[in-house]
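Note that the working numbering has the first sequence beginning at 602, numbered continuously upward. Quick reminder that beta carbons are idealized off the backbone N, C-alpha and C, glycines included. Bear in mind that the values here come from a model prediction, so they are computed numbers and not experimental data. One structure below.
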Amino acid sequence: MDEKRLFLLDAYALIFRAYYALIKMPRLTQSGTNTSAIFGFVNTLEEILRKESPTHIAVCFDPKGPTFRSEADASYKAGREATPEDIRWSIPIIKEIIKAYNIPILEVEGFEADDVIGTMAKRAEKEGFTTYMMTPDKDFGQLVSPNVIQYKPAYRGQDFELRGEKEVCERYGLSNTSQVIDLLALMGDKIDNIPGCPGVGEKTAVKLIQDFGSVEQLLNRTGELKGALKRKVEENAQQIRDSYFLATIRTDVPIAEEPEELVRKPEDKDKLFAIFKELEFKTLRDRVSKRIASEKPMPAATASSSGGFPASLFDFADEDQTALPEEEQTECLPVDWKLITDGKEAESILSKISVLQRCGICMVAEGENDMTAQVKGVAVALSDTEGVYFPIECRNGIAGVLDVLSREDIEKVTGQSKRDYVLAYRLRNDGDAGIRNYYDVSLAHYLLQPEMRHSIDTLAPIYLGCEVLPEPVLSARRGAKKPAFTQEEIAHWACEQAALSMRLAGRMRKEVEKEGMTHLLEKVELPLAAVLAEMEITGVRIDVDALNEAASNLEARLGVLESDIHSLAGETFNVSSPAKVGEILFEKLGLDPKAKKTKTGQYSTSEEILEKVASKNPIVGKILEYRQLKKLLTTYLTALPAAINPSTGKVHTVYNQTVTATGRISSSSPNLQNIPVREEEGREIRRAFIADDGHLFLSADYSQIELRLVADFANDETMLNAFRHGDDIHAITAAKIYHKERDEVSPDERRHAKTANFGILYGISAFGLSSRLNIPRADAKTLIDNYFEMFPTIKRYMQESIELAREKGYVATKMGRKRRLPDINSKNPVVRGYAERNAVNAPIQGCAADVIKVAMVDIADKMKVAGLKSRMIMQVHDELNFDVVPEELPVLQKIVVEGMEGAYSGQVALTASFGVADNWLDAH
DNA sequence: GCGAGTCA
DNA sequence: TGACTCGC
């Protein structure tokens, strides 16, 4: 290939994209440093070198200081999120790496990387190059020409994409790539904070460009437009012109380098590998050395210290031995797998399994919901490297596995114990899951890194350095791209999962022990998985008739509201569309002509904003009511009956034990944690959650658990005493803040104190408090100041939490649950503030989560011992709900209250209050 | 203050 | 993918 092929990389865009693509499964070093940004970037760079063999290459960075755009418009890129600390410190390292690659870095003061790329691409074009602009940013479409092509890197399973003239024009229906600028000028770009024309989105913008050809033409001929669009364009003409300027990538930047100087040179391999070693990039290093070995020597005069090509395989053999702990060498061995279909063979394998001390389990089932998923088979790993798979058709094999699951003397290792529990329960069909002695690597990892993902697929690459087989498609769905996998492929995958969970178990156990969380894992989280599984299995009975009646009632009211709204607006429109609502309210009706809040170009129509203009037009109140009712209707009244499992007649919520960063449980399908309680209208939905026929609904909740914990942690005598005496904590707080006697406190003052009490927990600012209470910012500040003055202990406690986090890099609950806060020492105040709020909040929220989990395990245990037929059916917030056989009520009540109140001992008791009825609302 | 889940 | 509302 004699052709000159120049690759220009948009460094920041690629780095940000890499970092966020890996945010849920970051690359971490042994010491926990997040190297995602570096890894992702280098990976992309390597891929280009390997696949595209560029003859010329350069990486373009944005300079530090201001650019001509920011000077022209202060708000330009102001909306961009603060750079995370992990990216910030990665930049110099990435630059070091690029230097080690001997690739030129282009950075020109006063100009963004975009402009440098644009300029260089145009210059190169004149000199006969084909230029590839490596960037995911759509703005670059404007530079595309026959010899300048945009190369969007591969992303999230999607392959890389080349955009030439044809692709760019087709994508937006343009006749010319330079019209990308016109398009951006109209529709704006929220990433770059290019405002565009408010109310004009992609669709309208494309149409305008097609009709007028350019922004200039459009602005000259606005007379041809009609109605709202005409007004929008005319009113925003200047903003559109400014946007055009901001969106235009410059091609006249004074760059010192010439295209020819960007010729590819050999990398300084020693330097490069030294950096890789530091960053623990083992596989990447292997890949790089493979590529170097396969490349022809480059005709560069400046061949550097690295010596000759091709590289010898022995070059770093020694280093390999020392670079990694010995155990890791065996961790990526392939897994021997076997599909067992024959009954006899199953028997002989099962007898082998029955003498094992531990084995790995991977149940294969199709469907997200454990209660309806169809079991396809089960893999059992006999060792780290060997597994067998019993398909569901192999009856005695499956029966044998179920027997193994119930054996106390064999430890089972899995990555999804709750799902296994539910599936085993359904397979046995005898009212028992019969699962004993289970270890769950995902739960273990949840304690280690609560913010990450915890599947085997995520853990294996990180902890073992293994590649994992992709999850098989279990059956061909109509219209699906991929066909169903063969049984062999499924067996192979499942055996690998089971074997990998065994390999991970040792590592997880060690780490959990090291972090002092073994008790939390073994006495709380692991037993809790079974309790949650039982709750999912039991399910909740729903009064469908009541819901349907309420639904038709609501539909009627919505119909009336809708027509009222339409007639008030003078036109019919989709009231459910926030964009449309914004347009009607703020453009057509002109409520609040100035401070119309926008974020993505649209008007904000959140409840908060609408409340403020509600007095100006009755339509606003009706829209708010419409929204509230519509939400109730779609999210609950229609969704709940649809969630009923036809074979049990109940709703089986899925509890997720490994989702939240603080340790709380979350629930989904349906989410029981946002069933309304504040508004009367929504509360009624709870009436449809009922007990079984002839049974009772018991609801028990902790009162003020988080505030009690704060009082305890902070050692605040005033609060502790208030709780001890059963006083109204918010009234006491109000009396303190406003320097009054307790009975002189007005309802408003109490409300303010209540908001302050909770606000403190969440680390609210004066700004947040003022908007929440609808009071001036200064008043909110005074309120907070008074609060801290009257509760110095609370203030001290908060500061101590932050100090502790700074020292250790994490905060922990009494039970040892940790939340890591790497940003706590960040120089960026926004990022740091976030970490600081978490430092205060996480131990409190996490402790409350620990407490209720301990209570649940204890209560479930005692219920089992007492042989009760009553069932725990829901966990919501700080509340537990039970379906009660009436005769058992006294016994159960005792177990529940003692279990909840006994789950924590501190300076103040945690009290649980309860109620009994035949539905949730009345029991609460 | 944020996270979690749902609908458009 | 974002906006919104719920919860704590």
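The alpha-carbon separation between ALA1332 and ALA1301 amounts to approximately 24 Å.
Straight through space, the alpha carbons of GLU653 and LYS804 are spaced by roughly 35 Å.
The three-state reading of DSSP puts VAL1132 in helix, counting H, G and I together. Nearest to ALA622 by alpha-carbon distance, out of LEU607, ILE688, ARG670 and ASP1424, is ILE688. ASN1429 sits in coil when the DSSP states are folded into three classes, being neither helix nor strand. In the DSSP annotation of this structure, the continuous segment of the beta strand (DSSP E) that includes LYS605 starts and ends at 605-611. Counted as a single uninterrupted DSSP element, the alpha helix (DSSP H) harbouring PRO1393 occupies residues 1393-1409.
Burial state of ASN703 is buried, judged by a 10 Å Cβ sphere holding 16 or more other Cβ atoms. The Cβ-Cβ distance between MET735 and LEU819 does not fall below 9 Å. The alpha-carbon separation between LEU1065 and TYR1303 amounts to approximately 42 Å.
The shortest C-alpha to C-alpha distance from THR1261 to any of GLY1250, GLN1274, LYS1251 and THR1249 is the one to GLN1274. Judged by DSSP secondary structure, MET1501 falls outside any beta strand (DSSP E) and instead within the alpha helix (DSSP H) spanning 1490-1502. Classified as exposed, ASP943 has fewer than 16 neighbouring CB atoms from the shown chains inside 10 Å of its CB.
The residue from GLU1156, CYS960 and PHE1187 with its alpha-carbon nearest to that of ALA1170 is PHE1187. When secondary structure is reduced to three states using DSSP, MET1475 falls in the strand class.
Three or more Cβ pairs closer than 8 Å define a contact, and the stretch 1457-1467 falls short of that threshold against the stretch 1423-1443. Cβ-Cβ distances below 6 Å link LYS700 to nothing in the same chain once the five nearest sequence neighbours on each side are left out. Inter-residue distance for GLN1508 and ASP1313 is about 6 Å (C-alpha atoms, whole angstroms).
The shortest C-alpha to C-alpha distance from PHE640 to any of LYS696, LEU1384, LEU1321 and GLN1017 is the one to LYS696. Within the stretch 1029-1056, complete alpha helix (DSSP H) segments of at least 4 residues are found at 1042-1049, given in chain order.
Per the C-alpha coordinates, the member of ALA1413, MET1109, THR849 and ALA1436 positioned closest to GLY789 is THR849. For ASP1058 and VAL979, the gap between their C-alpha atoms comes out near 18 Å. About 15 Å separates the beta carbon of PRO655 from that of LEU707, a gap too long to meet the 8 Å contact definition.
When only Cα atoms are considered, PHE642 and GLU1401 end up about 38 Å apart. Counting the other Cβ atoms within 10 Å of the Cβ of LEU934 gives fewer than 16, which makes it exposed. With contacts defined as CB atoms closer than 9 Å, VAL1023 and LEU1105 fail to qualify as a contacting pair. Counting along the chain, the unbroken beta strand (DSSP E) around CYS963 starts and ends at 959-967. Collapsing the DSSP output to three states places ASN1375 in coil.
Boundaries of the alpha helix (DSSP H) around TYR773: 766-773.
ALA829 counts as exposed, since fewer than 16 other C-beta atoms from the protein chains shown sit within 10 angstroms of its C-beta. Setting aside the 5 residues that flank it on each side, LEU1070 is surrounded in the same chain by TRP1094 and GLU1097, each with a C-beta closer than 6 Å to its C-beta; the list follows chain order. One thing to note: GLY1364 has its Cβ no nearer than 9 Å to the Cβ of ARG1265. PRO1051 sits close to ARG1421, with the two beta carbons spaced by under 9 Å. Straight-line spacing of the CA atoms in GLU859 and PHE662 works out to 17 Å.
Residues of the same chain with a CB within less than 7 Å of the CB of ILE1276, apart from the 5 flanking positions on each side, are TYR1237, ILE1286 and ARG1287 in chain order. By the criterion of a C-beta distance shorter than 8 Å, ALA1436 is surrounded in its chain by ALA1406, LEU1422, PRO1423, ASP1424, ILE1425 and SER1427, once the five residues flanking it on both sides are discounted.
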